[in-house]
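Here's the structure we're looking at; comments come further down.
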Amino acid sequence: MARNEYQYTTNPRKIDTEYKQNKQKKKLKVVENVPRQKVRISKEQKKNQFKLTLFVIAIFGILLTISYRNSQINEEFTEMQNLKQELASLQKENEQLRVSIENGLNLSNIEKLAKEKLGMQKLTNKQTKYVSLPKKDYVESASEEVIIEENKNWFQEFVDKIFNR
-9 MARNEYQYTT NPRKIDTEYK QNKQKKKLKV VENVPRQKVR ISKEQKKNQF KLTLFVIAIF
51 GILLTISYRN SQINEEFTEM QNLKQELASL QKENEQLRVS IENGLNLSNI EKLAKEKLGM
111 QKLTNKQTKY VSLPKKDYVE SASEEVIIEE NKNWFQEFVD KIFNR
């Protein structure tokens, strides 16, 4: 009776003696008192150890890469937050300067600053001088005709010659 065949009955099957012998052969012997140099590791065990080592190294590399990328994202985020705070403070300062400029443009403030800082005074009638100007117009009219030449390609010149005759 083969091991992989399907059993159609409900009776428990009998274990082959051949199967028992194979099962006993596959058990590994535990050697406790043999020095390490004398214990031999099979090629299959070495291959499995190598695969396991590569797998652990690959997992470690992937986790290291993820950790590094997360640290970069965190640094960029904090830099962005700092720049946003700096932008908000600059906008606030800009608005305060705009308000101070608008206050400075007030004529009473200008007059006050001129008197206090520059020592200026209002003009008196003695300081006023009147100048008379002739009623002659100082703007001269154009005496020459201005000709504007346009650069035309050969097709535009050809069309102009045909339709202008």
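The sequence shown begins at -9 in our numbering and counts up by one.
Quick reminder that beta carbons are idealized off the backbone N, C-alpha and C, glycines included.
Given the structure is predicted, the values throughout are model-derived calculations rather than measurements.
Determine the direct distance from the alpha carbon of residue j to that of residue i, and round the result to whole angstroms.
i, j, result
"F153", "I137", "21 Å"
"V149", "E140", "15 Å"
"Q117", "S98", "22 Å"
"Q81", "N60", "31 Å"
"E65", "I52", "20 Å"
"S79", "Q71", "12 Å"
"K41", "K74", "49 Å"
"I56", "Q62", "10 Å"
"L54", "T68", "21 Å"
"M(-9)", "I49", "Because the pLDDT of M(-9) is 47, which lies under 50, any placement of that residue in the model is unreliable, and the number read from its coordinates should be weighed accordingly. About 45 Å."
"F33", "Y58", "As written in the sequence, residue 33 is Lys, which differs from the Phe given in the question. Cα to Cα, the separation comes out at about 37 Å."
"N115", "N96", "25 Å"
"V89", "L113", "31 Å"
"E83", "K102", "25 Å"
Looking at residue i: is its Cβ nearer than 9 Å to the Cβ of residue j?
i, j, result
"Q39", "I47", "no"
"K119", "Q111", "no"
"G109", "I100", "no"
Along the chain, where does the alpha helix (DSSP H) that runs through residue i open and close?
i, result
"N84", "33 to 94"
"I100", "97 to 106"
"V149", "144 to 153"
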